[in-house]
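Number of protein chains: 2
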Amino acid sequence: MRKVRVAIAQINTIVGAFEKNIDKILEYAHKANKLKPDIIVFPELAVCGFPPDDLLLQPGFLKKAGNVIDKIVRETSQINSIIIVGFPEYDEETYNSAAIIFRGRVWDIYRKIYFPDYGIFNERKYFTPGKNITLYETPDFRFCVGICEDIRHPQDSVAGEAFSEKCKLVLNINGSPYHIGKPKLRETMISIWASHNAKAVAYVNSIGGQDELVFDGQSFAVDAEGNIICRGKAFSEELILLDFELDDLPHRRLHDHQYREPDMNPVKIPYIWKQNKPEIKTIIHKPPERLEEIWNALVLGLGDYLRKNGFESAVLGLSGGIDSALVATIATDAIGADNVNGIFMPTKFSSSQSYNDAKKLAEILGINFSVIEIEELYKNYLEILAPHFKGSEFDVTEENIQARIRGNIIMAFSNKFGCLPLATGNKSETSVGYATLYGDMAGGFAVLADVPKTMVWELAGYRNEAAGKELIPENIINKPPSAELRKDQLDTDSLPPYEVLDRILDYYIEENMSVDEIATETGFDRELIAKVVRMVARSEFKRRQAPPGIKITAYAFGIDRKIPITSG
Amino acid sequence: MRKVRVAIAQINTIVGAFEKNIDKILEYAHKANKLKPDIIVFPELAVCGFPPDDLLLQPGFLKKAGNVIDKIVRETSQINSIIIVGFPEYDEETYNSAAIIFRGRVWDIYRKIYFPDYGIFNERKYFTPGKNITLYETPDFRFCVGICEDIRHPQDSVAGEAFSEKCKLVLNINGSPYHIGKPKLRETMISIWASHNAKAVAYVNSIGGQDELVFDGQSFAVDAEGNIICRGKAFSEELILLDFELDDLPHRRLHDHQYREPDMNPVKIPYIWKQNKPEIKTIIHKPPERLEEIWNALVLGLGDYLRKNGFESAVLGLSGGIDSALVATIATDAIGADNVNGIFMPTKFSSSQSYNDAKKLAEILGINFSVIEIEELYKNYLEILAPHFKGSEFDVTEENIQARIRGNIIMAFSNKFGCLPLATGNKSETSVGYATLYGDMAGGFAVLADVPKTMVWELAGYRNEAAGKELIPENIINKPPSAELRKDQLDTDSLPPYEVLDRILDYYIEENMSVDEIATETGFDRELIAKVVRMVARSEFKRRQAPPGIKITAYAFGIDRKIPITSG
Numbered sequence: 115m116r117k118v119r120v121a122i123a124q125i126n127t128i129v130g131a132f133e134k135n136i137d138k139i140l141e142y143a144h145k146a147n148k149l150k151p152d153i154i155v156f157p158e159l160a161v162c163g164f165p166p167d168d169l170l171l172q173p174g175f176l177k178k179a180g181n182v183i184d185k186i187v188r189e190t191s192q193i194n195s196i197i198i199v200g201f202p203e204y205d206e207e208t209y210n211s212a213a214i215i216f217r218g219r220v221w222d223i224y225r226k227i228y229f230p231d232y233g234i235f236n237e238r239k240y241f242t243p244g245k246n247i248t249l250y251e252t253p254d255f256r257f258c259v260g261i262c263e264d265i266r267h268p269q270d271s272v273a274g275e276a277f278s279e280k281c282k283l284v285l286n287i288n289g290s291p292y293h294i295g296k297p298k299l300r301e302t303m304i305s306i307w308a309s310h311n312a313k314a315v316a317y318v319n320s321i322g323g324q325d326e327l328v329f330d331g332q333s334f335a336v337d338a339e340g341n342i343i344c345r346g347k348a349f350s351e352e353l354i355l356l357d358f359e360l361d362d363l364p365h366r367r368l369h370d371h372q373y374r375e376p377d378m379n380p381v382k383i384p385y386i387w388k389q390n391k392p393e394i395k396t397i398i399h400k401p402p403e404r405l406e407e408i409w410n411a412l413v414l415g416l417g418d419y420l421r422k423n424g425f426e427s428a429v430l431g432l433s434g435g436i437d438s439a440l441v442a443t444i445a446t447d448a449i450g451a452d453n454v455n456g457i458f459m460p461t462k463f464s465s466s467q468s469y470n471d472a473k474k475l476a477e478i479l480g481i482n483f484s485v486i487e488i489e490e491l492y493k494n495y496l497e498i499l500a501p502h503f504k505g506s507e508f509d510v511t512e513e514n515i516q517a518r519i520r521g522n523i524i525m526a527f528s529n530k531f532g533c534l535p536l537a538t539g540n541k542s543e544t545s546v547g548y549a550t551l552y553g554d555m556a557g558g559f560a561v562l563a564d565v566p567k568t569m570v571w572e573l574a575g576y577r578n579e580a581a582g583k584e585l586i587p588e589n590i591i592n593k594p595p596s597a598e599l600r601k602d603q604l605d606t607d608s609l610p611p612y613e614v615l616d617r618i619l620d621y622y623i624e625e626n627m628s629v630d631e632i633a634t635e636t637g638f639d640r641e642l643i644a645k646v647v648r649m650v651a652r653s654e655f656k657r658r659q660a661p662p663g664i665k666i667t668a669y670a671f672g673i674d675r676k677i678p679i680t681s682g
Numbered sequence: 115m116r117k118v119r120v121a122i123a124q125i126n127t128i129v130g131a132f133e134k135n136i137d138k139i140l141e142y143a144h145k146a147n148k149l150k151p152d153i154i155v156f157p158e159l160a161v162c163g164f165p166p167d168d169l170l171l172q173p174g175f176l177k178k179a180g181n182v183i184d185k186i187v188r189e190t191s192q193i194n195s196i197i198i199v200g201f202p203e204y205d206e207e208t209y210n211s212a213a214i215i216f217r218g219r220v221w222d223i224y225r226k227i228y229f230p231d232y233g234i235f236n237e238r239k240y241f242t243p244g245k246n247i248t249l250y251e252t253p254d255f256r257f258c259v260g261i262c263e264d265i266r267h268p269q270d271s272v273a274g275e276a277f278s279e280k281c282k283l284v285l286n287i288n289g290s291p292y293h294i295g296k297p298k299l300r301e302t303m304i305s306i307w308a309s310h311n312a313k314a315v316a317y318v319n320s321i322g323g324q325d326e327l328v329f330d331g332q333s334f335a336v337d338a339e340g341n342i343i344c345r346g347k348a349f350s351e352e353l354i355l356l357d358f359e360l361d362d363l364p365h366r367r368l369h370d371h372q373y374r375e376p377d378m379n380p381v382k383i384p385y386i387w388k389q390n391k392p393e394i395k396t397i398i399h400k401p402p403e404r405l406e407e408i409w410n411a412l413v414l415g416l417g418d419y420l421r422k423n424g425f426e427s428a429v430l431g432l433s434g435g436i437d438s439a440l441v442a443t444i445a446t447d448a449i450g451a452d453n454v455n456g457i458f459m460p461t462k463f464s465s466s467q468s469y470n471d472a473k474k475l476a477e478i479l480g481i482n483f484s485v486i487e488i489e490e491l492y493k494n495y496l497e498i499l500a501p502h503f504k505g506s507e508f509d510v511t512e513e514n515i516q517a518r519i520r521g522n523i524i525m526a527f528s529n530k531f532g533c534l535p536l537a538t539g540n541k542s543e544t545s546v547g548y549a550t551l552y553g554d555m556a557g558g559f560a561v562l563a564d565v566p567k568t569m570v571w572e573l574a575g576y577r578n579e580a581a582g583k584e585l586i587p588e589n590i591i592n593k594p595p596s597a598e599l600r601k602d603q604l605d606t607d608s609l610p611p612y613e614v615l616d617r618i619l620d621y622y623i624e625e626n627m628s629v630d631e632i633a634t635e636t637g638f639d640r641e642l643i644a645k646v647v648r649m650v651a652r653s654e655f656k657r658r659q660a661p662p663g664i665k666i667t668a669y670a671f672g673i674d675r676k677i678p679i680t681s682g
């Protein structure tokens, strides 16, 4: 056994964009080759992008994926490294597979055995499970391949067979989407697994935004004692090189389950270990701080949604409030100020301070700024509806009409100029339905959909601090939130203070706690908690029609949470 | 062995409405009791409604379900029948279970073993599978219980044990949602299973609408040769009584797999077979014809969405076209003409014929009819946008502004009067994105979301024929479809004729065929097919924000089809 050099290609792929993905894979394979790695490894389903969902049901999609593997094999035949690439395999059934390629030949196809059933995943709908983990053997070293969930089942008989004593190195390929706390969770889990099984592990992740999901990269490796020996960058493509010193691995077993040797023979690959490898410097990048991490997730999530869907610019309503200010700032970081269009659309309920704040923000950021007065339009609606609404008072109807006029205008800009309309609502509002469907909820992408209001403030503070200046005007951050849809309106007219609301929502939505449990935990008034829970239940129909947004918590609406609208 | 009398309670439950569901269950148990059945059987998850989705993750929900079972046990203690009720069971893990109740005691809890992975189902997210099918034994007869998918796996070892030779009767409880062809499919499948395994089967289904799903009932029973011996009504609650003549069952085995006897002992229930049972008449209801079946699915789906969500009335835009005419007619059948409000909202592009058609329809149906001119509003939008849109031509932007004004007005009626706004788009339009997001796509429920345009015409013809008169004016049915958003516009300006479009969509969406395969199959121009496929792909973002609608095909958008928006 020798030092085994592994190149982890932490790349950004696009679902269904086979040509672009193959170019990216070949680019990284050739770049890696210069550093003489023994193994070059790509993420789960790298050739088709992740997650492809129902595209996997289209025969043409699977056929293309097979052709792409053929092309990769041909075009890497001169590279003297074992190449591992994730792809959707069709062979009477569909499998989530990894091709083990070397010198112009596919030596084996490894098929994912275990599927996650939780959260966003529904892989059993698409994939047939593989049966065996395989031992790959070169004259100089041995390794196994696992895909994502496979590595969580060490006690299982199949995996027990697979990760036999003969194997000291596991290459685990993933498409592991980000949420707060996830990077740490992965490392802890894999670290425990590695030390438990006395194996070194390379954990390979992709990066990039894909609809609601952001993949954060942060690929890493652990030695057989579970120590982190390498960590890639967050939210950025990277070719990560490291040397595993397999000779030094301990032979002890730390756990009590029985290994069984694989039933099948190892797959032998005639790879000859390379000598005279160039020096590499393996870095353990420091993970970003919490707010920086979230900020970068939002910027990459929005940026990739725009770029991958062919948008060059975005448009949003600027109200002078904190939510639209934050979205404008994220958009500016994602695609540059020139490509961001903010529109201020006042009625008589809009304060002059709101105008000043919106204008100041636009000036500091350098984004395009327009003002469109909608008071006349609003009056016009009231006039034509007056004969039908005779005798009724001003209520939420009139508030919503204003918000929907704004939605119509934002969408008109989007239609006319081809820019992506951004919805600016946050998770707290969306949770309790404090938002107008087709009004402020209108848009192609809801950047803050999974960001609670209290975190909106934190992020604004973080960004100003990072900029070392007032990027988002302090007055926007400090003033009491208002929808400005009626006279002297404040959010607190309808909602508890956001510090209270967000704690209740966190316990109810993320922790699935009952009203009584939340009351015990927080000491808040039971009736107030019950009211919030009712508001959440009653606004399910709005969330069902909300634009997609970036998942940053463990339990995002839309993608993670499937609650019936009709519910007693 | 004697004749065993089974009462199938084909009931309509509401997700999460435990009190109402328990009342319904007790009502049916007591009603059945008069006819002295040996067994009374309720559908899958009857106590909590089906499908509860993520409500199953809330501990309070599961606790309530357990309490409800206790109440059923107490309140049926005087009923001398074995009662089988589906419920979500929590016992450290969560199970999809059936309680086997008799005389005030739960004799056993059967846990569903097999979970479907296809289409709408994702049960593994919530439930732990059971381990064994159990043989239930009274001094006079024996039976087994299966939940839905359990009965599809006769060759499997677990089910092989379960459905041992000693058992001649299987009670299979289900929540099986409707789609076209499904009732026939179920009967064929169960019939084959029964004859294959030489067992009689009672297949118990629920009825009712639950968001996108409609449960059609049509519970049935087959003898051990697979003959249909009983069939319940479609889309209607019913207590179905029948006698199984288990003595007459054949002892032959028709298949070649080996039975193994259950490892565990049978559960013995001290039930004494009843004599002197009153006469019953077991009916094999004729299944509805295709269009009648679809019509009833739509009426029940919409009606239950309204009733179960507490709406008494509905509002929709009447354009004078076929889609809104059909929706108005379905709504009238569902909740009565008095509760349906149609609003005609013309611009200068609306023809006087459209007005006449809309008005005539409203008069025939007897629904409320209002006219709101929106030309002024539309001009007002154009004026305030003019400085920003200088030099641009009339395009889809201006079309969408009109549609979104209408959306705003419909929503204002909904907000002011608490009526459910109905979206009127059909599946063909939704497929290719020939609809305005937040415009004609606005609404709480999209009645025709899964009905292709050609079927819209068929259904209009069917309803007129069933009425024996012109309910939907012939002119509405016969005129060429137009969105009337620009001068002399016809749908065929942008789309192929619907007969062509619907065939392409059917092959592409339902059959997952490629462009080339569709070209070969239909002989249509390859470029035209490719254009339609591109339109489908590009409008995914619109469908993501569409209101829920009633699933009537095997592959409905939203609920069945999960396609990434970002896709190369």
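Sequence lines, in order, name chains R and G. Its first residue numbered 115, the first sequence is counted upward by one per residue in my numbering. Its first residue numbered 115, the second sequence is counted upward by one per residue in my numbering. Glycine residues also receive a C-beta, built at the ideal position from the N, C-alpha and C atoms. Given the structure is predicted, the values throughout are model-derived calculations rather than measurements.
8 Å Cβ cutoff, residue i in contact with chain G
| i | result |
| --- | --- |
| N171 (chain R) | A small correction: the amino acid at residue 171 (chain R) is Leu; Asn does not occupy that position in the sequence shown. Answer yes: the Cβ-Cβ gap between L171 (chain R) and chain G drops below 8 Å somewhere. |
| N494 (chain R) | yes |
| A276 (chain R) | Caution is warranted here: a pLDDT of 47 is assigned to A276 (chain R), below 50, making its placement in the model unreliable, and no coordinate value can be reported. |
Member of the options whose CA lies at the smallest distance from the CA of residue i
| i | options | result |
| --- | --- | --- |
| N194 (chain G) | G:I183, G:P151, G:I223 | G:P151 |
| L262 (chain R) | R:G289, R:E279, R:E497, R:C281 | The sequence given here places Cys at residue 262 (chain R); Leu does not occur at that position. Measuring from the Cα of C262 (chain R), the nearest candidate turns out to be R:G289. |
| I247 (chain R) | R:T680, R:W307, R:P380 | R:P380 |
| I408 (chain R) | R:T667, R:R648, R:I343, R:I383 | R:T667 |
| E162 (chain G) | G:K145, G:K134, G:V259, G:N626 | According to the sequence provided, residue 162 (chain G) is Cys. The question's Glu does not apply to it. Nearest C-alpha to C162 (chain G): G:K134. |
| D674 (chain R) | G:K239, G:K145, G:S433 | G:K239 |
Cross-strand partners of residue i (DSSP beta bridge)
| i | result |
| --- | --- |
| P291 (chain G) | G:F329 |
| A535 (chain R) | Going by the sequence as given, residue 535 (chain R) is Pro instead of Ala. For P535 (chain R), which the question treats as bridged, DSSP gives the partners R:V429. |
| A308 (chain G) | In the DSSP output, where bridge partners are listed per residue, A308 (chain G) has none listed. |
Any C-beta of chain R under 8 Å from that of residue i
| i | result |
| --- | --- |
| P157 (chain G) | no |
| R658 (chain G) | yes |
| E490 (chain G) | yes |
| S433 (chain G) | no |
| A668 (chain G) | no |
Quiz item: Quick check: the region 125-145 of chain G against the region 174-192 of chain G, are there 3 or more CB pairs under 8 Å?
Solution: Output reads yes: the region 174-192 of chain G touches the region 125-145 of chain G.
Quiz item: Of all the residues that make up the region 595-616 of chain R, which are near chain G by a beta-carbon distance shorter than 7 Å?
Solution: Taking 7 Å as the Cβ-Cβ cut-off against chain G, none of the residues of the region 595-616 of chain R qualify.
Practice problem: Give the residues from the region 627-645 of chain G that approach chain R closer than 9 Å (Cβ to any Cβ), ordered along the chain. | Solution: Those would be M627, S628, V629, D630, E631, in chain order.
Self-check item: At least 3 beta-carbon pairs within less than 8 Å: the region 459-466 of chain R vs the region 496-505 of chain R
Solution: Cβ pair count under 8 Å is below three, so no.
Quiz item: Between the region 307-317 of chain G and the region 336-352 of chain G, do at least 3 Cβ pairs fall closer than 8 Å?
Solution: A contact exists between the region 307-317 of chain G and the region 336-352 of chain G.
Self-check item: Where the region 557-585 of chain R meets chain G: residues whose CB sits under 8 Å from a CB there
Solution: Per Cβ criterion, the list reads G558.
Quiz item: Are three or more beta carbon pairs between the region 651-668 of chain R and the region 298-311 of chain G nearer than 8 Å?
Solution: Contact fails between the region 651-668 of chain R and the region 298-311 of chain G, because fewer than three Cβ pairs, one in each stretch, are under 8 Å apart.
Quiz item: Using Cβ-Cβ distances below 7 Å, what residues of the region 408-439 of chain R are close to chain G?
Solution: For the region 408-439 of chain R, which is checked against every Cβ of chain G, the residues closer than 7 Å are Y419, K422, N423.
Quiz prompt | Given 8 Å, three or more beta-carbon pairs between the region 472-485 of chain G and the region 507-518 of chain G | solution = The answer is no - the region 507-518 of chain G does not touch the region 472-485 of chain G, with fewer than three Cβ pairs under 8 Å.
Quiz item: Listed in chain order, which residues of the region 295-329 of chain R have Cβ atoms closer than 7 Å to some Cβ of chain G?
Solution: Near chain G, meaning a CB-to-CB distance below 7 Å, the residues of the region 295-329 of chain R are Q324, D325.
Quiz item: Quick one, which residues of the region 517-544 of chain G are near chain R if we go by CB-CB under 8 Å, in chain order?
Solution: Of all residues in the region 517-544 of chain G, R518, I519, G521, N522, I523, M525, A526, F527, N529, K530 have a Cβ within less than 8 Å of some Cβ in chain R.
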